[in-house]
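Novice: When the letters of the sequence shown are read in order and numbered with the working numbering, they come out as residues 1 to 261.
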Amino acid sequence: MYKIKQRFGSTALITGASSGIGKAYAEALAAEGVNLILVARRESVLNDIADDLKARHRVNIQVIAQDLIAHDAAEIVYEKATSDVDILINNAGYGSYGRFEDIDIQSETDMVDLNCRQVISLTHRFLPNMKQNKRGAIICLSSVVGTMPTPYMSTYSATKAFNRYFAESLSGELRTQGISVQAVCPGDTHSDFRSSASFDKKMPISQRTPEDVVRSSLRTLGRRSTVTDGIINKIATKQPRFIPTRLLIAINEKIWRPKGA
1 MYKIKQRFGS TALITGASSG IGKAYAEALA AEGVNLILVA RRESVLNDIA
51 DDLKARHRVN IQVIAQDLIA HDAAEIVYEK ATSDVDILIN NAGYGSYGRF
101 EDIDIQSETD MVDLNCRQVI SLTHRFLPNM KQNKRGAIIC LSSVVGTMPT
151 PYMSTYSATK AFNRYFAESL SGELRTQGIS VQAVCPGDTH SDFRSSASFD
201 KKMPISQRTP EDVVRSSLRT LGRRSTVTDG IINKIATKQP RFIPTRLLIA
251 INEKIWRPKG A
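The structure is reproduced here in structure tokens:
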């Protein structure tokens, strides 16, 4: 459908592959005949996913159970990977929601490590093989909230802005070397994010599915350095161009204000 294997290579490594968008990438790429290296903390869940995909799509799948918050996680994953990686999907991450001073600081710094440090560490490790082969793809999961100031998600939105600009900047460095880099900016999506972030607000728009997000990503990979799924989400990402920052902050403060605050 997307000719991912022919265009970018035969093996993809996906972090955060046990659920949500990461799992949807695994499903879509296995259907394309791409071999997989699945990385997440929950080994039993990864094994179940791997068994299912191998049975249905006849692809090779390696499971690496690893907590990516660990300082040496990228090195461990690199050493354990038994195949050259042609496609790297930096999907693992989590968020927080609430007043900054009320959120556990260890959780915040761990979030920066997972959402940012491991993205650049894994990319730095696996990029040389792509350059040697003169083809490959790197996908970094950003977010709609990474395109604008977002009160009550201050650290999370900052990490997602980092992911976006890292991917967009790297795409400029690698565009003539056969390697595509893409930032994916989902909005509210059916996933484990709400529970992990203790996010209890009901948004005024319908949620997208992980499959929606992955379709938009793979359909445009190699053509767009940034992709946002869903018309409402696309409109939201354009707001910083037309709304003064001070006003946008005030609007988002009202939208994202926690219940009872």
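Cβ atoms here follow ideal geometry from the backbone N, Cα and C, with glycine treated the same way. Computed from a prediction, not measured in an experiment: that's the story for all the values here.
How is alanine 197 classed by DSSP in three states: helix, strand or coil?
Specialist: Within the sequence shown, numbered from 1, the residue matching residue 197 stands at position 197. Note on alanine 197: pLDDT 49, under 50, position unreliable in the model; no value is reported.
Novice: Please specify which runs of the beta strand (DSSP E), each continuous and at least 3 residues long, are wholly inside the segment 108-186, giving them in chain order.
Specialist: 136-141, 179-184
Novice: If you draw a straight line from the alpha carbon of isoleucine 89 to that of threonine 245, how long is it in whole angstroms?
Specialist: By 1-based counting over the sequence shown, the position of residue 89 is 89. By 1-based counting over the sequence shown, the position of residue 245 is 245. Taking the CA atoms as reference points, isoleucine 89 sits about 31 Å from threonine 245.
Novice: I'd like to confirm the pairing. Which residues does DSSP put opposite glutamine 62 in its beta bridges?
Specialist: Indexing the sequence shown from 1 puts residue 62 at position 62. DSSP, once it has assigned bridges, lists Ile37 as partnering glutamine 62.
Novice: What residues in its chain sit with their C-beta under 8 Å from that of isoleucine 243, if we drop five residues either side in the sequence?
Specialist: For the purposes of this step, residue 243 is taken as residue 243 along the sequence shown, with counting starting at 1. Closer than 8 Å at the Cβ level, and outside the excluded window around isoleucine 243, lie Ile251.
Novice: If you measure between the beta carbons of valine 59 and asparagine 47, is that distance less than 8 Å?
Specialist: As a working mapping, residue 59 is identified with position 59 in the sequence shown. As a working mapping, residue 47 is identified with position 47 in the sequence shown. No, the pair does not count as a contact, with Cβ atoms beyond the cut-off.
Novice: Should the segment 180-189 be regarded as contacting the segment 215-235, the criterion being three or more beta carbon pairs within less than 8 Å?
Specialist: yes
Novice: Determine the DSSP secondary structure at valine 227, reduced to helix, strand or coil.
Specialist: Residue numbering aside, residue 227 sits at position 227 when the sequence shown is read from its first letter. DSSP places valine 227 in strand when its eight states are reduced to three.
Novice: Going residue by residue through the segment 45-90, where are the continuous alpha helix (DSSP H) segments of at least 4 residues, counting only ones entirely within it?
Specialist: 73-80
Novice: Look up leucine 13 in the DSSP assignment and give the residues it is bridged to.
Specialist: Residue numbering aside, residue 13 sits at position 13 when the sequence shown is read from its first letter. Bridge partners of leucine 13: Ile37, Leu88.
Novice: So what's arginine 7 in DSSP terms, helix, strand or just coil?
Specialist: Position 7 of the sequence shown, counting from 1, holds the residue named residue 7. Of the three classes helix, strand and coil, the one that applies to arginine 7 here is helix, per DSSP.
Novice: Let me make sure I understand the geometry here. Which of Glu108, Ala50, Thr11 has the alpha-carbon closest to that of aspartate 84?
Specialist: For this step, residue 84 is matched to residue 84 along the sequence shown. Nearest C-alpha to aspartate 84: Thr11.
Novice: Measuring straight from C-alpha to C-alpha, what distance separates serine 96 and tyrosine 78?
Specialist: Walking along the sequence shown from the start, residue 96 turns up at place 96. Walking along the sequence shown from the start, residue 78 turns up at place 78. Between serine 96 and tyrosine 78, the C-alpha separation is close to 28 Å.
Novice: Should leucine 141 be flagged as near chain B, meaning a C-beta pair shorter than 8 Å?
Specialist: In the structure shown, chain B cannot be found, because there is only a single protein chain.
Novice: Would you decide whether isoleucine 105 is buried or exposed? Buried here means 16 or more other CB atoms lie within 10 Å of its CB.
Specialist: For this step, residue 105 is matched to residue 105 along the sequence shown. By the 10 Å Cβ count, isoleucine 105 comes out exposed.
Novice: With a CB to CB cut of under 6 Å and the five nearest residues on each side skipped, what residues in its chain are close to phenylalanine 126?
Specialist: Translated into positions along the sequence shown, residue 126 becomes position 126. Same-chain partners within the cutoff: Val85, Leu88.
Novice: What do you get for threonine 238, buried or exposed, if any count of 16 or more other CB atoms within 10 angstroms of its CB means buried?
Specialist: As a first step, residue 238 must be located in the sequence shown, where it is residue number 238. At residue 238 the sequence reads lysine, which differs from the threonine that was named. Exposed, because fewer than 16 other Cβ atoms sit within 10 Å of the Cβ of lysine 238.
Novice: Taking 8 Å as the cut-off, decide whether the C-beta atoms of isoleucine 14 and leucine 38 are in contact.
Specialist: On the sequence shown, residue 14 is found 14 positions in, with the first residue counted as 1. On the sequence shown, residue 38 is found 38 positions in, with the first residue counted as 1. Cβ distance < 8 Å, so isoleucine 14 and leucine 38 count as in contact.
Novice: Out of Ala30, Leu247, Val112, which has the shortest C-alpha to C-alpha gap to alanine 55?
Specialist: Against the sequence shown, residue 55 aligns to sequence position 55. Looking at the Cα atoms, Ala30 is the closest of the given residues.
Novice: If you reduce the DSSP assignment to three classes, tell me which class threonine 189 lands in.
Specialist: Locating residue 189 in the sequence shown gives position 189, counting from the first residue. Here threonine 189 sits in strand by DSSP.
Novice: Give the range of the alpha helix (DSSP H) segment to which tyrosine 25 is assigned.
Specialist: As a first step, residue 25 must be located in the sequence shown, where it is residue number 25. Run containing tyrosine 25: 20-31, per the alpha helix (DSSP H) assignment.
Novice: Please report the distance separating the alpha-carbon of lysine 234 from that of glycine 187.
Specialist: For this step, residue 234 is matched to residue 234 along the sequence shown. For this step, residue 187 is matched to residue 187 along the sequence shown. So the two alpha carbons sit approximately 9 Å from each other.
Novice: Give the straight-line distance between the Cα atoms of alanine 197 and methionine 153, rounded to the nearest whole angstrom.
Specialist: As a first step, residue 197 is located in the sequence shown; it is residue number 197 there, counting from the start. As a first step, residue 153 is located in the sequence shown; it is residue number 153 there, counting from the start. For alanine 197, the pLDDT reaches just 49, beneath the cut-off of 50, and the residue's location in the model is therefore unreliable, although a value from the coordinates is still provided. Alanine 197 and methionine 153: Cα-Cα distance of roughly 9 Å.
Novice: I want to know whether the segment 208-221 touches the segment 162-178 - three or more CB-CB distances under 8 Å.
Specialist: no
Novice: Output yes or no for whether 8 Å exceeds the beta carbon distance between leucine 141 and alanine 74.
Specialist: Here residue 141 refers to the residue found at position 141 when the sequence shown is read from its first residue. Here residue 74 refers to the residue found at position 74 when the sequence shown is read from its first residue. It is not a contact, given that the beta carbons lie outside the stated cut-off.
Novice: For the alpha helix (DSSP H) that contains serine 217, what are its first and last residues?
Specialist: If you number the sequence shown from 1, residue 217 lands on position 217. That run of the alpha helix (DSSP H) goes 210-220.
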